[in-house]
Amino acid sequence: MSRARRTFGPAVLAGLAGGGAAAVGGHRAMLAVPQETLTAAGGLPLGLAERSAQFALSGALALVVLACWGVLLVTRGVVRRVVAVLAALAAAGVVAVVVTGGFLQDEDAAADLAVRLGLNGAAISVERTSWLWLTLAGGLLALAAAVVAVRNLRSWPEMGTRYDAPGAETPHSQARPEDQSNLDLWKSLDDGDDPTAD
Numbered sequence: 001m002s003r004a005r006r007t008f009g010p011a012v013l014a015g016l017a018g019g020g021a022a023a024v025g026g027h028r029a030m031l032a033v034p035q036e037t038l039t040a041a042g043g044l045p046l047g048l049a050e051r052s053a054q055f056a057l058s059g060a061l062a063l064v065v066l067a068c069w070g071v072l073l074v075t076r077g078v079v080r081r082v083v084a085v086l087a088a089l090a091a092a093g094v095v096a097v098v099v100t101g102g103f104l105q106d107e108d109a110a111a112d113l114a115v116r117l118g119l120n121g122a123a124i125s126v127e128r129t130s131w132l133w134l135t136l137a138g139g140l141l142a143l144a145a146a147v148v149a150v151r152n153l154r155s156w157p158e159m160g161t162r163y164d165a166p167g168a169e170t171p172h173s174q175a176r177p178e179d180q181s182n183l184d185l186w187k188s189l190d191d192g193d194d195p196t197a198d
């Protein structure tokens, strides 16, 4: 078994695990005003949902990653390669959303939360929740798995033609039963062809 072919199982598992972690974390609170900061600024004690910010786009992109891994398992050829690239782009999008919202624009999120809570923006600071770190780690894992998929896809196993739609029949299966030998007739029955359907 080639080295590239051995990456199939680990890459699929990593892609599904990373996409799943990012999907779960991506729909949770990413940045939150600590309860102590809220009460010190004169606010009332609130639940996490009222004093936090979410990045819903990261969760949506993570669901795209999961869908892509499902499609990668059942397709072949060019479609499979396009879906692998889409998985990589969606995973990169998850990472970009989390990094941008959670690190580069966290002060903007703090200002928005202060306005929403009716408090002075200078007195509010936000902390990164564990959901942000889970989403970031899941996005990075899904991105690495998708890059491995794009790189090694040609050597990975594919689903057989046995499960293709009935319209994709082979030429030998369309021969009339009286023109086929007994062995060919039995093979066509094994393939799911019904000689009495005509």
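FYI, the numbering for the sequence shown is 1 to 198, going by full-length UniProt numbering. Don't be surprised by glycine CBs; every beta carbon is placed ideally from N, CA and C.
Check	Outcome
Distance cut-off 7 Å: Leu132 Cβ against heavy atoms of the ligand GDP	This structure lacks the ligand GDP; in fact it carries no ligand of any kind.
When Arg5, Gly25 and Ala21 are compared against Thr129, the one with the closest alpha-carbon	Gly25
Spatial distance of Ser125 from Ala67 (CA atoms)	36 Å
Endpoints, the beta strand (DSSP E) within which Gln105 is located	Here Gln105 belongs to no beta strand (DSSP E), and DSSP marks it neither H nor E.
Local Cβ density within 10 Å of Val83, reported as buried at 16 or more and exposed below that	buried
From Val33, Ala23, Leu63 and Gly160, residue whose alpha carbon lies closest to that of Ser119	According to the sequence shown, residue 119 is Leu rather than Ser. Out of Val33, Ala23, Leu63 and Gly160, Val33 has the C-alpha closest to the C-alpha of Leu119.
Separation of Gly160 from Asp194, as counted between CA atoms	20 Å
Alpha-carbon to alpha-carbon, Glu36 and Leu72	47 Å
Bridge-paired residues (DSSP) for Ala17	DSSP, once it has assigned bridges, lists no residue as partnering Ala17.
Best match in Glu127, Gly101, Glu158 and Leu63 for proximity to Gly18 [C-alpha to C-alpha]	Leu63
Segment contact flag, the region 105-120 with the region 149-159, C-beta cutoff 8 Å, min 3 pairs	no
Proximal residues to Arg28 (C-beta, below 6 Å), its chain only, five neighbours per side dropped	Trp131
Assigned secondary structure, Glu127 (DSSP; H/G/I helix, E/B strand, else coil)	strand
Cα-Cα separation between Leu86 and Val97, rounded to whole angstroms	16 Å
DSSP-derived helix/strand/coil call for Leu31	strand
Limits of the unbroken beta strand (DSSP E) element including Ser188	Note, Ser188: premise wrong, no beta strand (DSSP E); alpha helix (DSSP H) at Asn182 to Asp190.
Element boundaries [beta strand (DSSP E), containing Ala53]	Ser52 to Gln54
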